[in-house]
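Peer 1:
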Amino acid sequence: MAKKKGIVSLEGAVKTDAGLTYKGVVMEPIVEKCEGCERIVPFEGENYCPTYAQPARKWAGGVCNFATHVRAEVDKTGKVKVNPLKASKRAARGR
């Protein structure tokens, strides 16, 4: 059976006491926020992210940039932030 493009397998990975070792990297299981991501790969009853070895650290700063199930929100209010110093100078010149 041919491998589909983009699908990663953890073939050759070994389960150890430290975690899942794959190509010399110890991988941790995914966290709850990762559920629904297309990158998740099951291995011996647990799910892992082949893209990032420590998924909890990736979510610590906000949204994981590898997540396929989360989209960044775009501010659609249309308001432009104005620098008050520049605005006062424009007003002084009569613009």
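In terms of my numbering, the sequence shown opens at residue 26 and continues consecutively.
We put the beta carbon where it would ideally sit given N, CA and C, even for glycine.
As the structure is a computational prediction, the values presented were derived from the model and not from experiment.
Sorted by chain position, which residues of the same chain lie with C-beta nearer than 6 Å to V51's C-beta, five sequence neighbours on each side aside?
Peer 2: Working through the sequence shown from its first residue, we reach residue 51 at position 26. For V51, where only same-chain residues beyond five positions count, the Cβ hits under 6 Å are A43, G44.
Peer 1: Between the C-alpha atoms of S34 and V88, what's the straight-line distance to the nearest angstrom?
Peer 2: Walking along the sequence shown from the start, residue 34 turns up at place 9. Walking along the sequence shown from the start, residue 88 turns up at place 63. Between S34 and V88, the C-alpha separation is close to 24 Å.
Peer 1: Taking the alpha helix (DSSP H) that P75 belongs to, which residues open and close that run?
Peer 2: Here residue 75 corresponds to residue number 50 of the sequence shown, with the count starting at 1. Here P75 belongs to no alpha helix (DSSP H), and DSSP marks it neither H nor E.
Peer 1: Can you tell me the Cα-Cα spacing of K92 and Y77, whole angstroms?
Peer 2: Counted from its first residue, the sequence shown places residue 92 at position 67. Counted from its first residue, the sequence shown places residue 77 at position 52. At residue 92 the sequence reads Ala, which differs from the Lys that was named. Roughly 11 Å between the two C-alpha positions.
Peer 1: So what does V51 bridge to, in DSSP terms?
Peer 2: For the purposes of this step, residue 51 is taken as residue 26 along the sequence shown, with counting starting at 1. V51 pairs with T46.
Peer 1: So, is K114 buried or exposed, given that buried needs 16 or more other C-beta atoms within 10 angstroms?
Peer 2: Stepping through the sequence shown from its first residue, residue 114 is reached at position 89. That one is exposed.
Peer 1: Given this structure, state the Cα-to-Cα distance separating R82 from P67, to the nearest angstrom.
Peer 2: Position 57 of the sequence shown, counted from the first residue, corresponds to residue 82. Position 42 of the sequence shown, counted from the first residue, corresponds to residue 67. Their backbone Cα atoms lie some 20 Å apart in a straight line.
Peer 1: Using the C-alpha atoms, what's the distance from A116 back to V56?
Peer 2: Within the sequence shown, numbered from 1, the residue matching residue 56 stands at position 31. Within the sequence shown, numbered from 1, the residue matching residue 116 stands at position 91. Looking at the two C-alpha atoms, the distance is approximately 53 Å.
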